[in-house]
Structures are given as C-alpha cells and as structure tokens.
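Counting from 1, position 183 in the sequence shown corresponds to residue 183 in the UniProt record's numbering; the numbering is continuous, with no gaps.
In this text, a Cβ means the ideal position worked out from N, Cα and C, and glycines have one as well.
Computed from a prediction, not measured in an experiment: that's the story for all the values here.
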Amino acid sequence: MGYSELIKHFDRIRNYMHEFYIYGFKDRNQITHKSKRSYDNEKRRLESYLKDFMSFQYTTSKTVFLSIDSRQMTYNPLYKAFEAKSFTHKDITLHFYILDILYDDSQSLTFQEILNKVDEYLALFPQTMHFDESTLRKKLKEYVNLGILTTTHLGKQVYYQRTKPTDLSSYQYALSYYSEIFPLGVIGHYMLNQLQSPQYFSFKHHYISRAIDSEIMAKIFDAMKQKKSIYLIHHHNQSYHIVPLRLYISSQNGRCHLLAYSYRYKQIKTFRIDHIKDIKLSEDCDCFDDYRTRLKQIEKHIWSVQCHEKQPLEHVSMTIQILPHEQYVLQRLQREKRHGTITQINDTSYEFSIDIYDTYEILPWIRTFIGRILKLNFSNRTIENQFKEDIKKMYELYQIKGSDES
C-alpha cells in the first residue's frame, strides 16, 4: 500500500511522538520496535504536521527530536495529529452527501428520502459507486451518536436533521484557556476551530505532552464516570485489572499519573499515563465509592503520587530561617506545604513537618530552601544522609565553606 500522510492507527503515531518528544533524542537505529521502513513512514507523517517544530542533532549519528518554545506558540501543535485521521473514498463521499442533503437544521428527511437523494447524487457522476441501506443506516446512526445529526419520531417514521449550531463566541476566552491547560483540551481546540479566533493566552511553563495521551485519558474518565474497572495494557505488554480512581497532573513537569485500585496487589497503585498502551473497559465495580474513600484517606500522606499504603509512613521535618522582613518566604511555605504543618519556633525560625509515604518525593521541594535550612530530620536516615552528602559535595564543588551538618 502506498504512503499516506493521513493517520489510520493513532497508537503508532503516539509511540513515535513519545520517542521524539517525551523520551527523545534517539537515532534511527535505536528505535527497534518497528522496521526501518515503518520508522521512515511515521517520521514523514510527523514532519507533515510538526515540521516547524522538528530539530536534528548530529553526534555519532543523526537524532530527531521536537523542539517547542512555549513562549512563541499560540496553541498546542500536537493537536494537529488528531485532525489527520484516515478515511476511505466511500466515507468521505457519504459524509459530504449527507451534510449537503441536510444542509441546515430546517431540513428533516426520513431514511428512505436520504437514500433516494444519495442515489440522485451518484447518478450525476460517471464513477460506479453504490451505497447499500446498511451502510447508510450505520453512517446516520454514527452521526446521531456524535451529535452531528438529531432524530425526531413521528409515528413509525424517523426523521433526520442537522443539529442546531451552538453560538460559542461568548466562550472563546474559556475555550482558549481550557484547550491548553486541561486534560482532553483537544475538545476545546476543535471548538475554537469553528470560531477561527486567536489564542488569548501564552504560558511561561506550558506542558503540552499530555495531548498525545488524550484518547487514553478519555477512556479513563469514561470508566470513572460509569464506575467500571478496566484492563490496562502497559507498554511492556503487561495487563493489569484495576479500578481507576483519580488522575494526578504535575504542575512542575506536566506528567500525568493514574491512581487506581489494583486487584492483583490488593492496594492502590500508581501508573504513568504515557506508559499505558491501551485500555479496555471491564465490568461494573460495586466497591468504586469505597475505593474512592480509601484514596481520600491515603491522599493525606501523598506528597506527589507514590502511595505505598502497606508500608509505614516516613516523617520529615525541616527548620528554616525566615527573617521578620521576609514574610513572602513564610507565605510561600504556607502556600506550598500541602498537608504539612508549620510551627514558629522563634522570631526567625520555623519548623515544617509532615508524614508521607515516600521521602524521596519531597527532596526537590526541600532543595529550594537550601541556604535557609537550619536543621533536617528524616525518619528515613538513608535518604537524609544522602541529601546531606549531596550538599557537602556541592559545597566542595563550588568551594563554599558551609556550617556543620545538623
């Protein structure tokens, strides 16, 4: 079959987007899960929609990656891949015939009337194309499910008509923000295409990679709404039977995680969204609300996403210096402490303490207070000693004379 820029299997494009954008910086020989011909075809498809953002780097070989400056772009360019779904000649022909026959919401026709008009259209062209009743019924049913068409029942007759258009002009600011920030922002992107309006927001830190995983997140939201369990296929082809409970999206790096109850491990586990290959809906979960309640209790001790609920909690305390004229630091500490507690020791010292499942997760945040830390106390001594050793090495590297360890 000849090469086409249109995308038939989005999961393939998603894999390559992960390789180029999230995991990144691989050359042609390092991508081994597909043939070199498949690699070339998928890369050409990406170049068709993302050529302005693709860059190359030469070391021992040529590596390809996506380079996107969030300050310069006005919309998430990864949405373009969703607008390139492949179709057959019959699909596209029938699509335009139906929309032309039902050219506005005042046109209301029965199935037989639409079928007759389709035959009239076909008679005007020399190509021998034919649509049977089954094909047309399936297409009309699909468009009703998508909201493109609506039906009205009069006696035994079913009448089809265009759905009345919705005026979205008053929502353009909300849609502009939603399309770039929220999960499934691609929906807002589609709506903005109807308005042809400019983007009103730009972002200093704009994490766009979750757009690639929109189909996975849509299935997760669908399962949570229906309170169903799912079978999650990991990118290593491992299958997990789980109950999806909540999505966590990092405000620091944009990475998405799913917190779900695992039937295999009998506890709540964390799964990275970009590591999920596919999701299949399973049966109703009668215990969904109980698992949600259980998660709410666990969340009191989650700093990021790790929730080793069968392990004992780890205590973390930190004493930092905040001078009287540095109230902005105290305000930041209060704003970012999550479920931790702050105790004032004296006019210039404050203690932050918290009990969490994984001390390692809080280290990046604690590092932002280096230079103010007066005392550290971790119940996990291994991590505490490693943290202090890292600080010591940094002092040696920059030839800084530090105080004694505390």
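On the three-state DSSP scale, how would you describe Thr152? Residue state, collapsed to three classes: strand.
Local conformation of Asn15 per DSSP, three classes: Looking at Asn15 - three-state DSSP - the assignment turns out to be helix.
If you follow the beta strand (DSSP E) that Asn41 is in, where does it begin and where does it stop? Counting along the chain, Asn41 falls outside any beta strand (DSSP E), though it belongs to the alpha helix (DSSP H) covering 36-50.
Check whether the Cβ atoms of Gln161 and Thr74 sit closer than 7 Å, and answer yes or no. Their beta carbons are not under 7 Å apart, which means Gln161 does not touch Thr74 by this criterion.
Simplified DSSP state of Met318, which is helix, strand or coil: When DSSP states are grouped into helix, strand and coil, Met318 belongs to the strand group.
May I ask you to report which of helix, strand or coil DSSP gives Met1? Note that Met1 has pLDDT 46, beneath the 50 cutoff, so the model's placement of it is unreliable and the number below is only indicative. In the three-state DSSP reduction, Met1 falls in the coil class, being neither helix nor strand.
Any contact of the region 189-208 with the region 76-94, i.e. 3+ C-beta pairs under 8 Å? Output reads yes: the region 76-94 touches the region 189-208.
Quick check: the region 142-152 against the region 165-179, are there 3 or more CB pairs under 8 Å? Between the region 142-152 and the region 165-179 there are fewer than three C-beta pairs closer than 8 Å, too few to call the two in contact.
Nearest to Ile373 by alpha carbon, out of Lys296, Ile400, Met318, Gly340? Checking every option, the nearest Cα to that of Ile373 belongs to Met318.
What did DSSP end up calling Val186 once you bin it into helix, strand or coil? DSSP places Val186 in helix when its eight states are reduced to three.
Cβ contact (3+ pairs, closer than 8 Å) linking the region 267-279 and the region 232-248: Short answer: they touch.
For the 8 Å Cβ check, are there 3 or more pairs between the region 293-302 and the region 349-369? Short answer: they touch.
Hey, could you find the ends of the beta strand (DSSP E) Phe271 is sitting in? First-last of the beta strand (DSSP E) with Phe271: 267-272.
Nearest to Tyr231 by alpha carbon, out of Leu281, Ala260, Ile212, Phe271? That would be Leu281, whose Cα lies nearest to the Cα of Tyr231.
Between Ser229 and Glu283, which are expected to be in contact by the criterion C-beta below 8 Å, what is the C-beta distance as a whole number of angstroms? About 6 Å separates the beta carbons of Ser229 and Glu283, which is inside the 8 Å limit, making them a contact pair.
Considering only residues of the region 84-111, which uninterrupted alpha helix (DSSP H) runs meet the minimum length of 4 residues and lie entirely inside it, listed in chain order? Fully enclosed alpha helix (DSSP H) runs of no fewer than 4 residues occupy 89-101 of the region 84-111, in order along the chain.
Which value, in whole angstroms, describes the spacing of the CA atoms of Ile181 and Ser67? Between Ile181 and Ser67, the C-alpha separation is close to 19 Å.
Stretch-stretch touch, CB-based, cutoff 8 Å, three pairs: the region 308-316 with the region 362-382: Three or more beta-carbon pairs drawn from the region 308-316 and the region 362-382 are found closer than 8 Å, and the two stretches are therefore classed as touching.
Reduced DSSP category for Val144 - H, G, I as helix; E, B as strand; rest coil: For Val144, the secondary structure class from DSSP, reduced to helix, strand or coil, is helix.
Three Cβ pairs or more, each shorter than 8 Å: is that satisfied between the region 8-20 and the region 35-51? The region 8-20 is in contact with the region 35-51.
What did DSSP end up calling Leu374 once you bin it into helix, strand or coil? Assignment of Leu374 by DSSP, reduced to helix, strand and coil, places it in the strand class.
Three-state secondary structure (DSSP) at Val305? DSSP places Val305 in the coil class of the three-state scheme, outside both helix and strand.
Put His257 into one of helix, strand or coil per three-state DSSP. If DSSP states are grouped into helix, strand and coil, His257 belongs with the strands.
Tell me, please, whether the region 206-220 touches the region 261-272 by the rule of three or more beta-carbon pairs shorter than 8 Å. No: the two stretches stay apart, fewer than three of their Cβ pairs being nearer than 8 Å.
Exposed or buried, Leu245, counting other C-beta atoms within 10 Å across all chains shown (16 or more means buried)? Leu245 comes out buried.
Under 7 Å between the Cβ atoms of Tyr350 and Ile362? No, Cβ-Cβ distance for Tyr350 and Ile362 is not below 7 Å.
Lys117 beta carbon less than 7 Å from that of Ile101: Judged by beta-carbon spacing, Lys117 lies within the 7 Å limit of Ile101, meaning their Cβ atoms are closer than that value.
I need the straight-line Cα distance from Asp347 to Leu50, nearest angstrom please. In a straight line, the C-alpha of Asp347 is about 55 Å away from that of Leu50.
Quick check on this structure: which residue in Ile220, Phe111, Leu94, Met224 has the alpha carbon closest to the alpha carbon of Cys285? Of Ile220, Phe111, Leu94, Met224, the residue nearest in Cα terms is Met224.
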